[in-house]
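*Asks:*
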Amino acid sequence: MENLVYIALFAPFVGSLFAGLFFARSPKTHLVGIVNSSLIGIAFIASVTLALHVAEHGAVHVTMMSWISAGDLSIPFGFLVDEVSVTMMLVVTLVSTIVHIYSTGYMNHDKAYNRFFAYLSAFVFSMMILVMSDNFAGLFIGWEGVGVCSWLLIGFWYHKEDKTFEENPSISPSWAANEAFIMNRVADLGMLVGIFLIYWNVGSLQYDVVFKALPHLADGLLVSIAIALFIGAMGKSAQFPLHTWLTDAMEGPTPVSALIHAATMVTAGVFLVIRANPLFSLDAVHGVSMFIASLGAFVAFYAASMALSARDIKRIVALSTLSQLGYMFAAAGLGAYWIALFHLAAHAFFKALLFLGAGNVMHAMDDELDIFKMGGMKKVMMGSYVYMGIASFALAGLPIMAGFYSKDAIIETAFNDGSFIIWAILVITAGMTAFYSFRQVFFTFHGEERYKALGFHPHDMYKYVLVAMAPLAALAISFGWFMDSFHEFITKNLPDYEMSHHTHDLAPFLGTLVIILALTGIFIAWKKYAGKGADAWKRDEEFEQSFVYKLVANQYYVPKFYDEFIVQPYTIASKKFWEIDKAVVDGFVDLIGKMFYKSGDVSRGMQTGSLSAYLNWMGVGALLLIVTAAITALIG
Amino acid sequence: MDATHLPEVTAAGVIIKAVLILAVIAAIAGFGTYIERKILAFMQRRYGPQHVGPYGLLQLAADGIKLFTKEDIIPQHANKIIFAVAPVITAATAFIALAAVPVFPDFTIPFIDVYVPSIASDINVGILFVLGMMAAGLYGPLLAGMAQANKWGIIGSARTAIQFLSYEVVTGLSILAPIMMVGSLSFVDFNDYQADGTWLVVYQPVAFILFLIAGFAETNRTPFDLLEHEAEIISGYVTEYSGMRWGLFFIGEYANMITIGVIASVVFLGGYNDFWIFPGWLMIIGKIAFSFFFMLWVRAAWPHVRPDQLMWLCWKVLMPLAVINVVITGIVIMLVQ
Amino acid sequence: MYEFVAFYIFAIATTILFLITVMSKNVLYSMTSLAAGMVLISGLFFLLGADFLGVVQLIVYVGAIMALYAFAMMFFDATKDVKEKHGNSTLVFLLGGLMALVFVIMFSAPIIGENIQALYPVGLAENLGVSGNAQDVGLVLFTKYLVPFEVAALMLLVAMIAGIILAGKKMDYSLTECEASDEELQKEIKKEEA
Amino acid sequence: MEIGISHYLILSGILFSIGFVGVLRRKNLLMLFFATEIMLNAVNIAFAAIGNYYGDLSGQMFAFFIIAVAASEVAVGLGLLIILYKKYGSLDLDVISTMKG
């Protein structure tokens with residue numbers, strides 16, 4: 074089993090090295106795509122085998138070698154494969170495999186094809202370390218690795234100019250990459266503080282040791298640790314107010330968005346909360362958990378509201394991701410960790426599918442993102458249309474789809490917990506979700522063929538890519554059916570969350586409510602956007618001028634707020650400090666330099682070039698030495 | 143010869159010994175010229191000096207008178223002090239070297255009962271001291287040549303420097319092998335080592351030959367008399383010298399010849415040990431006399447070499463041979479022990 | 000008594016000779032007096048019981064080093080007086096005198112530590128049944144100081160090769176001169192033009 | 064009448080000072096070499112004297128190595144002197160002033 078753990082972990086790494094070391098400078102090599110995809114596939118197979126093993130025999134814990142050993146600090150390179158991490162591994166490797174295969178098609182025309190695969194595999198490797206580590210230090214390494222790789226991948230087309238787009242003016246990939254990285258760094262500081270606090274008070278970073286020691290710590294300390302760790306999770310999972318990077322990160326190639334910003338990286342925050350469930354389920358930190366749940370609900374609604382008016386196809390998907398992450402946090406905050414993890418997995422499948430579908434559309438439209446310019450494309454892109462439809466159904470939470478089971482469970486949890494405000498928000502959001510996701514589908518595939526007027530000639534993706542996406546579609550439909558067995562499997566490790574009888578009785582009613590809302594949303598969307606000819610959608614200029622629309626379309630002016638109140642003051646302060654720095658620090662350093670320069674200038678007179686003068690100076694020095702020696706000898 | 147059995151060495155004895163050496167060697171140096179001329183003459187089938195005294199024996203006195211009465215010329219541009227000092231250095235170093243060499247066996251003067259040791263000063267690094275003093279003797283020719291403002295002189299002293307410096311290496315290395323065998327630098331120890339009658343030349347024939355050849359060079363004898371080779375550089379470093387100053391160079395040269403002869407005798411040829419029916423003092427005198435004769439013999443038999451041949455011989459033949467000899471000796475000593 | 004007389008003779012003679020070396024205008028005087036001083040210093044070594052060192056001083060310093068100097072002097076005109084501009088003579092003598100004074104004061108004071116133990120005491124070789132300074136020196140030199148000894152040997156070899164290469168260059172060939180070669184080049188060019 | 068270590072050390076110091084004066088005073092490179100030799104010899108005397116006083120052979124050892132160093136110095140130094148003489152036609156330090164900074 075140990076070998077399987079290493080295979081699962083290092084196969085992506087080998088792929089990354091393969092692409093990075095041997096092919097970084099060579100032109101596009103199909104071999105790289107094939108090799109890397111198969112290596113990730115191998116990691117997936119290893120993960121499946123491990124999952125079966127874990128289901129049967131329990132967790133696998135391996136220690137590869139001692140890593141940091143300094144004083145009392147001893148951190149081994151240990152890996153823990155238990156129910157939680159193996160679930161994540163499965164999700165990560167499966168989505169990654171498909172994304173890799175997808176990328177061989179999507180990136181076909183890119184010059185930096187090999188580089189892309191090097192980054193992508195490195196990203197998977199980092200994610201695997203994050204997920205599999207048996208201590209906070211390893212988690213943090215993976216955390217940072219994921220951050221770096223996301224920076225590399227978002228900024229993959231770093232050479233692109235700033236682009237003026239109606240909704241988000243002047244965003245370039247490099248700008249987006251920096252934004253994501255800096256935003257994450259800010260949050261990582263919180264996470265680091267949390268880790269330091271743990272080490273300081275527990276003396277170890279191993280999960281098992283730490284969680285065993287937690288109940289003995291003071292309440293205030295636990296709250297501090299919980300808050301600090303959650304700040305880290307907020308950054309990575311793009312929770313309000315650190316969410317702006319996620320939508321901007323759509324500047325990266327679409328497979329990147331699918332992999333990083335839907336299925337894996339952003340779920341790291343959720344994973345952290347789930348992983349640290351012994352901490353968050355303590356009574357002492359109940360307030361923090363409640364805050365997590367409330368923030369999750371808020372973000373769910375907040376993101377959904379922004380998605381209502383978004384025009385950028387990828388941005389809509391990204392916002393929906395944000396919204397779904399809110400759902401997950403709501404569940405995790407309410408203590409239903411396994412439900413959160415279940416939704417995480419289900420969401421990963423249909424969201425990846427959605428992103429890849431969006432990528433197909435983009436590919437067909439020559440990287441055009443504005444859904445206003447699309448429409449009626451189902452004729453030319455039947456495959457993508459079906460996939461996006463399935464994914465949207467799943468996202469909207471319609472029966473038999475994966476999203477139905479997972480999202481419903483979260484809403485039920487909120488109801489069961491008695492947090493009716495959260496419940497109400499989540500229910501309303503479910504309706505909005507259905508609306509905006511189908512708004513996107515109808516805009517894209519139904520209605521007038523607006524693209525024709527603009528001179529696009531869309532065509533569907535390569536066949537093999539579409540075939541490769543099939544497992545995702547299948548899982549998007551069917552993943553919910555395995556809820557019970559998943560429940561059985563995961564609750565060996567995570568605390569169970571049982572609905573009360575009351576809730577259980579009301580469950581069909583609640584589910585129906587959600588379905589009705591979702592169907593209403595889909596119907597409205599159909600009415601508004603799917604029509605043709607006379608019923609065709611027209612821009613409502615008046616409405617677009619209204620305050621609400623503007624507010625939503627401008628992301629509630631949060632980016633603007635950041636720009637006005639953080640970035641600009643910071644810039645001004647930096648400039649001031651720079652001047653102070655120039656005057657004081659540089660001045661001081663220059664002074665030292667000048668001192669030497671001056672003294673050199675003065676003593677330059679000694680350098681007459683005449684050897685005898687040098688000899689005389691040397692003689693004087695020797696005499697001084699001897700006199701000193703004599704004085705010391707006579708005194709001492 | 144155990145030190146405890148010997149009478150105490152007194153200052154008077156040392157002084158007597160010193161005077162004795164000075165007188166005898168100086169006399170021999172003078173007498174040596176006569177012998178040299180005679181022997182060379184016989185070897186060239188002629189008579190040599192024979193008009194002054196019986197068999198020309200008083201030629202020595204005539205030469206002495208000539209030297210003493212000759213005008214002492216110091217060239218105008220010469221560096222007068224150095225010019226005057228240089229011959230003294232040659233003679234002085236030659237005699238100082240003899241201080242550490244056992245020239246005659248020890249004896250006690252009857253009546254006044256003064257013990258005269260065989261060596262004026264028996265320092266335990268005797269061989270090195272002798273070599274060092276002979277090295278210091280190089281300054282005589284060197285300074286003489288440089289002081290006299292004469293280009294022949296300069297060339298002569300340049301040749302001196304080259305020849306002495308080069309052949310000192312060979313002398314030292316060649317004598318190193320016997321030193322290794324004996325394990326001492328004292329002449330007395332060398333003498334005692336050969337007390338059983340086996341001469342070191344039996345063990346070290348190569349070293350002996352090398353030492354002899356180097357000795358010729360060090361004493362400036364034919365075939366290596368390039369320093370004052372008349373055909374090439376007039377008289378080399380003695381070009382401007384005349385009278386007694388020239389005589390001092392001459393005495394120094396002969397004293398050096400005797401020193402080399404003594405070293406060869408003591409180190410290689412059994413020293414002053416008794417041999418068969420001959421007493422030690424006779425043996426050593428005989429050996430020194432033979433060495434002296436040998437030098438004259440060689441002079442009569444060999445032409446002199448060119449300077450480049452001299453250097454070639456030293457650095458490409460003698461020195462490698464000496465080094466190999468030392469190495470082989472070392473290996474053999476190591477194996478025997 | 001005997002040591003006293005010998006020491007003072009050697010000391011005074013050495014001092015005078017070295018003073019001549021330093022003060023004389025004539026290189027030949029300097030060289031001669033220096034060599035003579037070296038010989039006398041070897042006498043001091045004999046007085047100090049360092050026979051072997053004295054002999055080495057004679058052979059190496061007097062026989063080799065000074066002879067090399069003399070030999071090198073033949074490349075320069077040794078009979079001419081050296082023309083030197085002596086700038087601030089008083090200052091130099093003041094400094095030198097000061098230094099000598101410091102030394103005299105320093106060494107006159109009873110500053111000799113008593114608690115020093117001899118690392119390699121004289122008479123080491125007596126344990127092996129032989130005695131004498133040469134034996135002592137040999138014993139220490141080839142045991143405790145073997146590596147420095149070998150290094151010194153290597154250094155001498157290197158120095159010898161360096162000396163040969165430096166001094167052995169052809170007389171008309173300039174090792175460092177650029178101007179000379181430039182001039183030659185100009186000459187060559189002129190020749191070709193003509 | 065007793066000759067102690069101080070006598071030798073003072074002699075050594077005086078000789079060193081003489082060499083020192085020579086180094087400062089002389090402008091001829093050969094003379095400078097001579098002055099250096101004087102200083103080396105002065106130090107040798109001090110070594111031998113101290114070694115004798117303590118009955119330690121290390122003093123003599125150091126003197127040996129100093130002599131070895133002096134010998135190498137001469138071999139290289141004279142080669143350089145000859146080159147300098149060829150280049151400048153003089154051994155005067157004042158002529159060699161290309162080291163101007």
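Protein chains in written order, with our numbering: chain A, 74 to 709; chain B, 143 to 479; chain C, 0 to 193; chain D, 64 to 164. Here a beta-carbon is modelled for each residue, glycine too, at the ideal position from N, C-alpha and C.
1. Pick helix, strand or coil for B/Trp388, following the three-state DSSP scheme.
2. Is it buried or exposed, D/Gly76, if we count other Cβ atoms within 10 angstroms and call 16 or more buried?
3. Does the beta carbon of A/Leu697 sit closer than 7 Å to a beta carbon anywhere in chain C?
4. How many whole angstroms separate the CB atoms of B/Leu240 and B/Thr401, which I take to be in contact at a CB cut-off of 8 Å?
5. For A/Ile597, tell me which candidate among A/Met542, A/Phe511 and A/Met668 has the shortest Cα-Cα distance.
6. Just the chain C side, please: which residues come within less than 9 Å of A/Gly678 by C-beta, in chain order?
7. 7 Å is my cut-off, CB to CB: does B/Ile177 come that close to chain C?
8. Restricting to Cα atoms, I'd like to know which of B/Ser328, B/Trp388 and B/Ile297 is closest to B/Ile216.
9. Name, in chain order, the residues that DSSP records as bridge partners for A/Leu146.
10. Please confirm whether D/Phe97 and C/Thr20 have their CB atoms less than 7 Å apart.
11. Measure the CB-CB distance between A/Asn187 and A/Phe96 and report whether it falls below 7 Å.
12. Would you kindly check if the distance between the Cβ of D/Leu156 and the Cβ of A/Leu664 is under 7 Å?
13. Who are the near neighbours of A/Leu583 in its chain, counting only those whose CB is closer than 7 Å to its CB and skipping five residues on each side?
14. Locate the beta strand (DSSP E) running through B/Thr250, then write down its first and last residues.
15. In the DSSP assignment, find the unbroken beta strand (DSSP E) run with B/Val459 in it and report its ends.
16. Going by DSSP, what residue range makes up the alpha helix (DSSP H) through B/Val258?
17. For B/His446, report the span of its alpha helix (DSSP H) as first-last.
18. Whose C-beta lies closer than 8 Å to the C-beta of D/Gly140 among residues of the same chain, with five residues either side of it excluded?
19. Give every residue of the same chain whose Cβ lies closer than 6 Å to the Cβ of B/Pro462, excluding the five residues on either side of it in the sequence, and list them in chain order.
20. Just to confirm before moving on: does the CB-CB distance between C/Ala10 and D/Leu74 stay below 7 Å?
21. Measure the Cβ-Cβ separation of A/Ala286 and A/Val296 and say whether it is below 7 Å.
22. For A/Lys452, count neighbouring C-beta atoms within 10 Å of its own C-beta (all shown protein chains included) and say buried if the count is 16 or more, exposed if not.
23. Would C/Met98 pass as an interface residue toward chain A - the criterion being a Cβ-Cβ separation below 7 Å?
24. To the nearest angstrom, report how far apart A/His560 and A/Ile494 are at their CA atoms.
25. Suppose the cutoff is 6 Å on Cβ atoms and the five residues either side in sequence are ignored; what does the same chain contact list for B/Gly287 look like?
26. Quick one: complete alpha helix (DSSP H) runs, 4+ long, within the segment 186-233 of chain A?
27. Which one or two residues does DSSP pair with A/Leu153 in a beta bridge?
28. When Cβ atoms are compared, which residues of the segment 269-301 of chain B fall closer than 8 Å to chain C?
29. In three-state DSSP terms, what is B/Pro229?
30. Once the 5 residues before and after C/Ala49 are set aside, which same chain residues still bring their CB inside 7 Å of it?
31. I need the DSSP call for C/Asn25, collapsed to helix, strand or coil.
32. By a C-beta neighbour count over all protein chains shown, 10 Å radius and 16 as the cutoff for buried, is A/Gly131 buried or exposed?
33. C/Met105 CB to nearest chain A CB: under 7 Å?
34. Compile a chain-ordered list of the residues in the segment 62-78 of chain C whose CB is closer than 9 Å to at least one CB of chain B.
35. Rounded to a whole number of angstroms, what is the C-alpha to C-alpha distance between A/Ala81 and A/Ser362?
36. Closer than 7 Å, CB to CB, is D/Leu147 near chain C or not?
*Replies:* Here's the rundown:
1. Reading the second sequence from its first residue, position 246 is the one you call residue 388 of chain B. The three-state secondary structure of B/Trp388, taken from DSSP, is helix.
2. On the fourth sequence, residue 76 of chain D is found 13 positions in, with the first residue counted as 1. Burial check for D/Gly76: the Cβ neighbour count within 10 Å reaches 16 or more, so the residue is buried.
3. Locating residue 697 of chain A in the first sequence gives position 624, counting from the first residue. At least 7 Å separates the CB of A/Leu697 from every CB of chain C.
4. Position 98 of the second sequence, counted from the first residue, corresponds to residue 240 of chain B. Position 259 of the second sequence, counted from the first residue, corresponds to residue 401 of chain B. Confirmed, Cβ separation roughly 6 Å.
5. Locating residue 597 of chain A in the first sequence gives position 524, counting from the first residue. In terms of Cα proximity to A/Ile597, the closest of A/Met542, A/Phe511 and A/Met668 is A/Phe511.
6. Working through the first sequence from its first residue, we reach residue 678 of chain A at position 605. Residues of chain C passing the Cβ test: none, with the nearest at roughly 16 Å.
7. Translated into positions along the second sequence, residue 177 of chain B becomes position 35. Not one chain C Cβ lies under 7 Å of B/Ile177.
8. Taking the second sequence and counting its residues from 1, the one referred to as residue 216 of chain B is at position 74. Just measuring C-alpha positions, the residue of B/Ser328, B/Trp388 and B/Ile297 sitting nearest B/Ile216 is B/Trp388.
9. Stepping through the first sequence from its first residue, residue 146 of chain A is reached at position 73. Answer is A/Ala143, bridged to A/Leu146.
10. Residue 97 of chain D sits at position 34 when you count from the first residue of the fourth sequence. Residue 20 of chain C sits at position 21 when you count from the first residue of the third sequence. It is a contact, given that the beta carbons lie within the stated cut-off.
11. Mapped onto the first sequence, residue 187 of chain A falls at position 114. Mapped onto the first sequence, residue 96 of chain A falls at position 23. Yes, the pair counts as a contact, with Cβ atoms nearer than the cut-off.
12. Along the first sequence, one-based indexing puts residue 664 of chain A at 591. Along the fourth sequence, one-based indexing puts residue 156 of chain D at 93. No, the pair does not count as a contact, with Cβ atoms beyond the cut-off.
13. Locating residue 583 of chain A in the first sequence gives position 510, where the first residue counts as 1. So the list reads Ile484, Glu485 and Phe488, once near-sequence residues are dropped.
14. In the second sequence, residue 250 of chain B corresponds to position 108, counting from 1. From DSSP, the beta strand (DSSP E) with B/Thr250 extends over Phe249 to Ile251.
15. Taking the first residue of the second sequence as position 1, residue 459 of chain B is located at position 317. Careful: B/Val459 lies outside any beta strand (DSSP E) and carries neither H nor E.
16. Mapped onto the second sequence, residue 258 of chain B falls at position 116. It is not in any alpha helix (DSSP H) - B/Val258 instead sits in the beta strand (DSSP E) that spans Val256 to Val258.
17. Looking up residue 446 of chain B in the second sequence gives position 304. Here B/His446 belongs to no alpha helix (DSSP H), and DSSP marks it neither H nor E.
18. By 1-based counting over the fourth sequence, the position of residue 140 of chain D is 77. Within the same chain, D/Gly140 has close Cβ partners Phe96.
19. Sequence index remark: in the second sequence, residue 462 of chain B carries index 320 (1-based). Take B/Pro462, set aside five residues on each side of it, and no residue of its chain has a beta-carbon closer than 6 Å to its own.
20. Stepping through the third sequence from its first residue, residue 10 of chain C is reached at position 11. Stepping through the fourth sequence from its first residue, residue 74 of chain D is reached at position 11. Yes, they are a contact pair.
21. In the first sequence, counting from the first residue as 1, residue 286 of chain A sits at position 213. In the first sequence, counting from the first residue as 1, residue 296 of chain A sits at position 223. Contact: no.
22. Numbered from its first residue, the first sequence carries residue 452 of chain A at position 379. Flag for A/Lys452 reads exposed.
23. Working through the third sequence from its first residue, we reach residue 98 of chain C at position 99. For C/Met98, the answer is yes, since a Cβ of chain A falls inside 7 Å of its Cβ.
24. Position 487 of the first sequence, counted from the first residue, corresponds to residue 560 of chain A. Position 421 of the first sequence, counted from the first residue, corresponds to residue 494 of chain A. Distance between the alpha carbons of A/His560 and A/Ile494: 27 Å.
25. As a working mapping, residue 287 of chain B is identified with position 145 in the second sequence. A distance below 6 Å between beta-carbons, with the five flanking residues on each side excluded, links B/Gly287 to the following residues of its chain, in chain order: Gly295, Ile296, Gly298, Ser299 and Tyr379.
26. As for any alpha helix (DSSP H) of minimum length 4 sitting wholly inside the segment 186-233 of chain A, the runs are 186-205 and 209-227, ordered along the chain.
27. For this step, residue 153 of chain A is matched to residue 80 along the first sequence. When beta bridges are read from the DSSP output, A/Leu153 appears opposite A/His134.
28. Taking 8 Å as the Cβ-Cβ cut-off against chain C, the residues of the segment 269-301 of chain B that qualify are Leu270, Phe271, Leu273, Gly274, Met275, Ala277, Ala278, Leu280, Tyr281, Leu284, Leu285, Met288, Ala289, Ala291, Ile296, Ser299 and Ala300.
29. The residue given as residue 229 of chain B occupies position 87 in the second sequence. Helix at B/Pro229.
30. On the third sequence, residue 49 of chain C is found 50 positions in, with the first residue counted as 1. Only residues of its own chain outside the window of five on either side were considered, and among them Asn132 have a CB closer than 7 Å to the CB of C/Ala49, listed in chain order.
31. For the purposes of this step, residue 25 of chain C is taken as residue 26 along the third sequence, with counting starting at 1. Strand.
32. Your numbering for residue 131 of chain A matches position 58 in the first sequence. Under the 10 Å beta carbon count, A/Gly131 is surrounded by fewer than 16 other beta carbons and is classified as exposed.
33. As a working note, residue 105 of chain C is residue 106 in the third sequence. C/Met105 counts as touching chain A.
34. Of all residues in the segment 62-78 of chain C, those with a C-beta nearer than 9 Å to a C-beta of chain B are Gly62, Ala63, Met65, Ala66, Leu67, Ala69, Phe70, Met72, Met73, Ala77 and Thr78, reading in chain order.
35. The residue given as residue 81 of chain A occupies position 8 in the first sequence. The residue given as residue 362 of chain A occupies position 289 in the first sequence. Each residue's alpha carbon lies about 33 Å from the other.
36. The count along the fourth sequence starts at 1 and reaches residue 147 of chain D at position 84. Taking 7 Å as the threshold, the shortest C-beta distance from D/Leu147 to chain C does not fall below it.
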